[in-house]
Amino acid sequence: MTVLIDLTPVVDGTGPARLLDMITGRSKQVLKDWMNSRGQRFRDRITVVAMDGFAATAPPPARNCPGRGS
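Using the working numbering, the first residue of the sequence shown is number 16, and each one after it goes up by one.
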């Protein structure tokens, strides 16, 4: 299970984090598919990705969010 949370309200000081989604699986492909299903506009607005230490999911966020690191 992969849990995706929007931390924007916490960073902005406007409220608590909010659950974006819970998706079955913890592979690179699961996260990549979820990110791609959101569309380019969504991915372009991502400025920070916080992840647990599960190494299998590490690369996709940066690859799917242009200009957001490596």
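Backbone N, C-alpha and C fix where the C-beta goes; we use that ideal spot for every residue, glycine too.
(message) Does Met-50 pass the burial test, meaning 16 or more other C-beta atoms within 10 Å, or should it be called exposed?
(response) Within the sequence shown, the letter at position 35 stands for residue 50. Buried, by the Cβ-count rule.
(message) I need the boundaries of the beta strand (DSSP E) containing Thr-17, first residue and last residue.
(response) Along the sequence shown, read from residue 1 onward, the residue named residue 17 stands at position 2. Here the beta strand (DSSP E) through Thr-17 covers 17 to 21.
(message) On the DSSP letters alone, give me the boundaries of the alpha helix (DSSP H) that Arg-56 sits inside.
(response) Translated into positions along the sequence shown, residue 56 becomes position 41. First-last of the alpha helix (DSSP H) with Arg-56: 55 to 59.
(message) Please list the terminal residues of the continuous beta strand (DSSP E) segment that includes Asp-36.
(response) Sequence index remark: in the sequence shown, residue 36 carries index 21 (1-based). 33 to 38 is the span of the beta strand (DSSP E), which, as asked, contains Asp-36.
(message) Between Arg-41, Phe-57, Leu-35, which has its C-alpha nearest Thr-17's C-alpha?
(response) Here residue 17 is taken as the residue at index 2 of the sequence shown, counted from 1. Of the listed residues, the one whose Cα sits closest to Thr-17 is Arg-41.
(request) Please work out which residues of its chain come closer than 6 angstroms, Cβ to Cβ, to Val-25, disregarding the five sequence neighbours upstream and downstream, and give them in chain order. (result) What you label residue 25 is simply residue 10 of the sequence shown in a count that begins at 1. So the qualifying residues of the chain are Ala-32.
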